[in-house]
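Everything below concerns the one structure shown next.
In the numbering used here, the protein residues as written are 67 to 504.
Written out as structure tokens, the structure is:
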């Protein structure tokens, strides 16, 4: 009898070990990829959310503000299953494709590091990046080819660059079942949970037409950041020459390395430009204890798409230097909120998530794609254009800001931060390369 019990126990243990080995092999060798899709997912006519049958590698969606678990890196994702703590269900995430409107190597060389970090092959969720070429500048076209040669998941499309078309031609050949992350080429910071948070918000809230990231330097969101207390007192250094940086050295991006501001405070800084477009930096007013933002550009920003937050580079500069200080001090929580509904006001689409079907159903797309996606279609469909406050990105500059922004060292600071914290290898371009060619 004892021998029989022992045999049963041995067989049970062997069965458990066999199942454990089978599960380990299934996960490690990615055997799911070898099975036909119908065996893995619910049929197209099913009303239920499709769920992977045998494999449950999952990622937890960020919870509402106040319930977040800080993340130091992108969660490892095998397959496309995402568990939402908010909704208590397992989501089957469709293919995720980034659409990047390409034009400038100076900013794209930074953005590339963040996109690489978010690729599925590196543990992220983006399976493909499509660069939409909108430039004829020879050096920028050559850099695009360098990008394509560097990564097999990168591809490019030429889009109609005539004024008559605007941006409409960029949205041809969209797949209904794909989530597209539309990104401007001068996005220079992407927090680690951004893609995951946008996807979770979009999939768990189909009533949202588009979901924007929480964008630093976007007019209406700039107003939100000011009122949330995220923007700090900074003014341009009007007294001292810009400190020389030795060849080959990276500028220190940290705000703590900046001296205190010691210049005049009675200047109209909203109208100030750097004399002769000389390079300069902005400095913190650390000794203020009350009315700390008085006289700084941010107090003139407005809750509107075409206000001073769009047209004044000084407002953008103050936001960027504030962001570096908050980033260094691990205080990005200052920027965060849950979801902000823009109530048919024109939301910027510098970084947004949208389903391919919603793009295709919106055709013909107007020349002004931002107005079309942020106002026209939400009004037509009754579905909101919102921002996900957990998904923080930084946008370098708008057209009206672009002449004076290069007189600052803001882009150098974003480049230094990315090189130190994000890029796995040297960037594919640096400003020194253009200097060498002169």
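Where is the CB? At the ideal position from N, CA and C, for every residue including glycine.
As the structure is a computational prediction, the values presented were derived from the model and not from experiment.
- With a beta-carbon spacing of about 13 Å, residue 386 and residue 253 fall beyond the 8 Å limit used to define contacts.
- Under the three-state reduction of DSSP, residue 354 is assigned to coil, being neither helix nor strand.
- In the assembly as shown, residue 355 is an exposed residue. Its beta-carbon has fewer than 16 other beta-carbons within 10 Å.
- With contacts defined as CB atoms closer than 8 Å, residue 328 and residue 305 qualify as a contacting pair.
- Counting the other Cβ atoms within 10 Å of the Cβ of residue 131 gives fewer than 16, which makes it exposed.
- In the structure shown, residue 361 adopts coil according to DSSP, grouped into three states.
- For the set 203, 448, 477, the Cα lying nearest the Cα of residue 410 is the one of 448.
- Per the coordinates, the alpha-carbon of residue 324 lies some 43 Å from the alpha-carbon of residue 433.
- For residue 476, the three-state secondary structure derived from DSSP is helix.
- Separation of residue 248 and residue 203 (C-alpha to C-alpha, rounded to the nearest whole angstrom) is 22 Å.
- Look at residue 233 here: in three-state DSSP terms it is coil, with no helix or strand label.
- For residue 381, the uninterrupted alpha helix (DSSP H) run begins and ends at 379 to 394, by DSSP.
- In the structure shown, residue 321 adopts helical secondary structure according to DSSP, grouped into three states.
- Runs of the beta strand (DSSP E) spanning 3 or more residues and lying entirely within the region 248 to 278 occur at 253 to 256, in chain order.
- In this structure the region 303 to 320 does not lie against the region 362 to 372, because fewer than three pairs of beta carbons, one per stretch, are closer than 8 Å.
- Sequence-distant partners of residue 226 (beyond 5 residues in either direction) whose C-beta falls short of 6 Å from its own C-beta, in its chain, are 235.
- Taking 8 Å as the cut-off, the beta carbon of residue 300 is found closer than this to the beta carbon of residue 362.
- In this chain, the alpha helix (DSSP H) harbouring residue 427 covers 422 to 427.
- Within the same chain, Cβ atoms closer than 7 Å to the Cβ of residue 338 are found at 302, 380, the five residues on either side in sequence being excluded.
- Closest option to residue 420, judged by alpha-carbon separation, among 273, 179, 224, 177: 273.
- Fewer than three pairs of CB atoms, one per stretch, sit closer than 8 Å, so the region 434 to 443 makes no contact with the region 281 to 301.
- Looking at the DSSP output, residue 223 sits in a beta bridge with 198.
- About 31 Å separates the CB atoms of residue 495 and residue 453; that is not less than 8 Å, and the two are not in contact.
- Remark: C-beta atoms of residue 244 and residue 163 approach each other more closely than 8 Å.
- Taking a 10 Å sphere around the C-beta of residue 190, we find 16 or more other C-beta atoms and assign the residue as buried.
- Three or more pairs of CB atoms, one per stretch, sit closer than 8 Å, so the region 313 to 324 contacts the region 389 to 399.
- Sorting 346, 459, 209 by C-alpha distance to the C-alpha of residue 499 places 209 at the top.
- Here the alpha carbons of residue 445 and residue 275 stand approximately 10 Å from one another.
- A distance below 7 Å between beta-carbons, with the five flanking residues on each side excluded, links residue 170 to the following residues of its chain, in chain order: 206, 251, 252.
- A direct Cα-to-Cα measurement between residue 471 and residue 463 gives close to 7 Å.
- Annotation for residue 406: the continuous beta strand (DSSP E) segment containing it runs 405 to 407.
- Counted as a single uninterrupted DSSP element, the alpha helix (DSSP H) harbouring residue 444 occupies residues 443 to 447.
- With fewer than 16 other Cβ atoms inside 10 Å of its own Cβ, residue 218 counts as exposed.
- Between residue 182 and residue 490, the C-beta gap is smaller than 8 Å, which places the two residues in contact.
- The continuous stretches of beta strand (DSSP E) do not include residue 346, and DSSP gives it neither H nor E.
- Residue 347 has its alpha-carbon roughly 8 Å from the corresponding atom of residue 476.
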